[in-house]
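Read left to right, the sequence shown gives residues 263 to 846 (this note's numbering).
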Amino acid sequence: MATDADEAPLLADEPLRPGSCSRELELREFRDRYVFRSLDGGGAFAVARADGSLHPLSPEEAAAGSDCKVSKIYGVAGMIRLLAGSYVLVITSRKDAGSYGASTVYHANSMKFLCCNEAIKHLTSEEKRDEAYFMSLLRIAETTCGLYYSYDRDLTLNLQRASKLAAGRVHKPLWKQADPRFVWNRNLLEELIETKLDEFITPLIQGSFQTEQFTLKDRLVRITLFSRRCNRRLGTRMWRRGANLEGATANFVETEQLVEYEGLTSSFIQVRGSIPLLWEQIVDLSYKPRPSIIEHEEMTKVVERHFHDLSQRYGDTMVIDLTDKQGDEGNLSNAFAAEMQNFPDIRYVHFDFHHICGGGNFDNLQVLYDEIEEAIQKQGYFLMNSKGEILLDQSGVVRSNCIDCLDRTNVTQSFLARKSLDSQLQRMGALSSAEMWVEHGDELSLEYAGSYALKGDLVRYGRQTLPGLIKDGMSALSRYYLNNFHDGVRQDALDLISGYYTVSKSSSSPFQIIGFESAPYLPVASAIIVGGITVTTFTLSQVGRSAQHLISSIIFAGLTAGVVALVKANGKQLCSRPRLCGLI
263 MATDADEAPL
273 LADEPLRPGS
283 CSRELELREF
293 RDRYVFRSLD
303 GGGAFAVARA
313 DGSLHPLSPE
323 EAAAGSDCKV
333 SKIYGVAGMI
343 RLLAGSYVLV
353 ITSRKDAGSY
363 GASTVYHANS
373 MKFLCCNEAI
383 KHLTSEEKRD
393 EAYFMSLLRI
403 AETTCGLYYS
413 YDRDLTLNLQ
423 RASKLAAGRV
433 HKPLWKQADP
443 RFVWNRNLLE
453 ELIETKLDEF
463 ITPLIQGSFQ
473 TEQFTLKDRL
483 VRITLFSRRC
493 NRRLGTRMWR
503 RGANLEGATA
513 NFVETEQLVE
523 YEGLTSSFIQ
533 VRGSIPLLWE
543 QIVDLSYKPR
553 PSIIEHEEMT
563 KVVERHFHDL
573 SQRYGDTMVI
583 DLTDKQGDEG
593 NLSNAFAAEM
603 QNFPDIRYVH
613 FDFHHICGGG
623 NFDNLQVLYD
633 EIEEAIQKQG
643 YFLMNSKGEI
653 LLDQSGVVRS
663 NCIDCLDRTN
673 VTQSFLARKS
683 LDSQLQRMGA
693 LSSAEMWVEH
703 GDELSLEYAG
713 SYALKGDLVR
723 YGRQTLPGLI
733 KDGMSALSRY
743 YLNNFHDGVR
753 QDALDLISGY
763 YTVSKSSSSP
773 FQIIGFESAP
783 YLPVASAIIV
793 GGITVTTFTL
803 SQVGRSAQHL
813 ISSIIFAGLT
823 AGVVALVKAN
833 GKQLCSRPRL
843 CGLI
């Protein structure tokens, strides 16, 4: 992949194409203001460092002054107002990730918030504490992974949807073309939109983007895998489960597999999303907390809203539920199946992945495919020629889910995608997009769960290997740690950036919470447990020498057991919990 150093420099007077946004900007940092000047469009604006107010500038005004720090940035991702002022998010480095059609797609390698918060000196001590917490959330947001963008193409619409829209749409600013569901920074763009700074507005899409090229029979083939993550129920693995009352589900992702071959371009769409019921799975220090269904009179309406939205956007929907049929997952799966009986027009297929593909036998997914093959072929895929003429439409979509909509879902979607690829390119049976699907699964898992995806070997090789099992074990431990001790704060950062929590003087302090903080108590409890086990083991080894060692062993064992019981009883309070928003 090319980095910024590999790219040819842009001419300062190179004009922007209609609908495009500035590719490179000069950032000038003065004591009282930040000045942003487009290096390819000529426009400019300033942001006051005192209060974050925006002011469009003429070329002459933008060039005025010399006592400043000058640097290059690659996009403005938005602004957010907190108690002390505003903070401007800019893209400080990028990487060429490939192309979508004729447009280059970039990955935002690093971002930075510029502070316009001089009013912080006038805040009360409590407000300063709150502002410090909000700023720590912004630092988390700066490190958000999987953000992609283009300067001259709307990436939020899949090829089929984009091809059906009026040709004049491409002359509108990118933010006006975009589907707001898939604009990660939609909430951050509002002030830039109000000030009509269209050429500086850079919509970001969170998801995954991979592309590969190779030759087949001396002809070029390009496969692109592009996933778009919805922002309507954005969150972390354990703190955003199921649906909200509007029917939007956690970890909803649209995945598009594009194939370009001999002047033809095909597109195959799949979606994934959390089980669209009202349910939760609160971390409590156990490895797998029990999911519980939230009783609510609107439950059936929630499911109806979810699938109505899918049918409006994608056509006929087929549901593949990959959860276990037994245990806690089974209770949730049975509730989902019961709700789906209210919607006879939507086909619901349950496939117990762990039971049927037990032992890592990826080939058993053929059992699922045999059951749904006719429906998959009827839904088809989208196909257009080099003239933009539509030859085929995809008439429906497969919606897959497990509990997390990560590992089992990724394995299943990769299997269905390869089946579709075979039907699109009949003579390319040796072609495999497996490696792309592994990277795709890892990227989506990092965004939702904070760790790499499990079951990557099943996608690569159709079986599990010892290195793969070790990697899965490390990823599982990483998920456990992050879900229990970090994701509460990460959820707050997402709620703040996405606008689900709005900062104002009248909003309650994030420190007005019930319970106690995990940070001061958990290390002490952990030390007592480890120390108690160690001392108990040592004294037990000395029991034969004196009765005193037996008594000591009993005391330390009792103390250790008591602390373990206390930790278990207060597991939910000891875990990292979001402060800003509720679960639904």
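Ideal placement from N, C-alpha and C gives every residue a C-beta, glycine not left out.
query: Taking the alpha helix (DSSP H) that D578 belongs to, which residues open and close that run?; result: No alpha helix (DSSP H) holds D578; the beta strand (DSSP E) holding it covers 578-583.
query: Going by Cα to Cα distance, which pick from R502, N513, R552 is closest to L706?; result: N513
query: What does the Cβ neighbour count give for R431, buried or exposed, with the cut at 16 atoms within 10 Å?; result: exposed
query: Can you give the Cα-Cα distance for I618 and R534, rounded to whole angstroms?; result: 20 Å
query: Determine the contact status of D414 and G281, defining contact as a CB-CB distance below 8 Å.; result: yes
query: How big is the Cα-Cα spacing for N447 and I816?; result: 58 Å
query: Buried or exposed: R293, going by 16 or more other Cβ atoms within 10 Å of its Cβ?; result: exposed
query: Quick one: grab the DSSP three-state call for F605.; result: coil
query: By the three-class DSSP mapping on this structure, what secondary structure does Y743 have?; result: helix
query: Using the Cβ count rule (16 or more neighbours within 10 Å means buried), how would you classify I342?; result: buried
query: What's the call for E516, buried or exposed, on a 16-neighbour Cβ count within 10 Å?; result: buried
query: Do S760 and N506 have their C-beta atoms closer together than 8 Å?; result: no
query: Please classify T406 as buried or exposed, where buried requires at least 16 neighbouring CB atoms within 10 angstroms.; result: buried
query: At what residue ranges does the segment 300-370 contain a whole run of the alpha helix (DSSP H), taking only runs of 4 or more?; result: 321-325
query: Can you tell me whether DSSP reads N623 as helix, strand or coil?; result: coil
query: Using 10 angstroms around the beta-carbon of E518, count the other beta-carbons present and answer buried if the total reaches 16, otherwise exposed.; result: buried
query: Tell me whether Q588 sits in a helix, a strand or coil according to DSSP, three-state version.; result: coil
query: With DSSP collapsed to three states, give me the class of V857.; result: With the chain covering 263 to 846 only, the question about residue 857 has no answer from this structure.
query: Let me know if P551 comes out buried or exposed under the rule of 16 or more other beta-carbons within 10 Å of its beta-carbon.; result: buried
query: Taking the alpha-carbon positions, what's the G469 to F444 distance?; result: 9 Å
query: What are the start and end residues of the beta strand (DSSP E) that includes M646?; result: 644-646
query: Would you check if the distance between the CB atom of A429 and the CB atom of E380 is smaller than 8 Å?; result: no
query: Which word fits S333, buried or exposed, when buried means at least 16 other C-beta atoms lie within 10 angstroms of its C-beta?; result: exposed
query: Nearest by alpha-carbon distance to Q641: which of Y362, V660, I665, L842 is it?; result: V660
query: Specify whether the segment 610-617 and the segment 583-593 touch according to this definition: at least 3 beta carbon pairs, one from each stretch, less than 8 Å apart.; result: yes
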